[in-house]
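Numbers 21 to 203, taken from the working numbering, label the letters of the sequence shown in order.
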Amino acid sequence: MSKIERLIKSYSNFIAIPWRDDVAAAQRVIFCVYNEADELPLRVKIDEFELATKESGHEWAVFDFTNTFADWLSAQRYAKSYFKKPELLSTLLPKYLEFITQEFENFLQAKAVNYNTVVALKGVGSLFGFIKVKKVVDTFAPIVKGRILVFFPGSHENNNYRLLDGYDGWNYLAIPITADKEF
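Next comes the structure, spelled out in structure tokens:
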């Protein structure tokens, strides 16, 4: 069985556990942690996560970060200037979080997301260098009343998460699911 298949099995076992209604926003976040080299095989298998979710009686929606930075930057009035002088981006980057938050809220409304929905976040690796995943999750978690599933290419050890094994990492209370840990 491949690492991604084991990750799907661990997720299936976890998502089948009945949900409590009285948990804090940070406790409704699930991180499926996998090696960044497995990004493409994982993306091919995302439908299996959806199937496991629906078999457990929950709804499913996927929000993709992959193109959000390009969409946001190309819509900026002085986009060409930022391409010529990328060092100027640092002053504009805080607005990127505002953009993706608005896109996310529009997505939730369009998908009619409710308390029984798992909202999967894919493409978080594309945030690398622009915005911390922790900041995005902290912003999104209170908005989603169901569960957030973050497909996280990196590592996890003792509640410390490292995106693409590049950041120093951060502590987070989310539930980690890995290919090596079964529920």
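Yeah, the Cβ is synthetic: ideal placement off N, Cα and C, and Gly gets one too.
Between the CA atoms of residue j and residue i - distance to the nearest angstrom
| i | j | result |
| --- | --- | --- |
| A130 | F160 | 16 Å |
| S175 | D200 | 12 Å |
| V156 | M21 | 33 Å |
| C52 | E177 | 13 Å |
| V144 | P173 | 8 Å |
| I66 | A132 | 20 Å |
| K29 | A95 | 40 Å |
| Y181 | R26 | 20 Å |
| S32 | V138 | 12 Å |
| L93 | P114 | 12 Å |
Whole-Å CB distance - residue i paired with residue j, under 8 Å assumed
| i | j | result |
| --- | --- | --- |
| L147 | F171 | With 8 Å as the limit, L147 and F171 do not qualify as a contact, their Cβ atoms being about 12 Å apart. |
| I35 | S76 | 5 Å |
| E59 | N136 | Not confirmed; about 28 Å, so no contact. |
| F83 | F124 | 6 Å |
| L183 | V164 | Rounded, the Cβ-Cβ distance is 20 Å, inconsistent with contact. |
Per-residue burial, residue i [other beta carbons within 10 Å of its own, 16 or more giving buried]
| i | result |
| --- | --- |
| R40 | exposed |
| A72 | buried |
| V43 | exposed |
| P106 | exposed |
| G225 | Since the first and last residues shown for the chain are 21 and 203, residue 225 lies out of range. |
| L169 | buried |
| I37 | exposed |
One or two residues paired with residue i in a DSSP bridge
| i | result |
| --- | --- |
| P173 | Y54 |
| E79 | T137 |
Proximal residues to residue i (C-beta, below 6 Å), its chain only, five neighbours per side dropped
| i | result |
| --- | --- |
| T198 | V53 |
| P61 | I24 |
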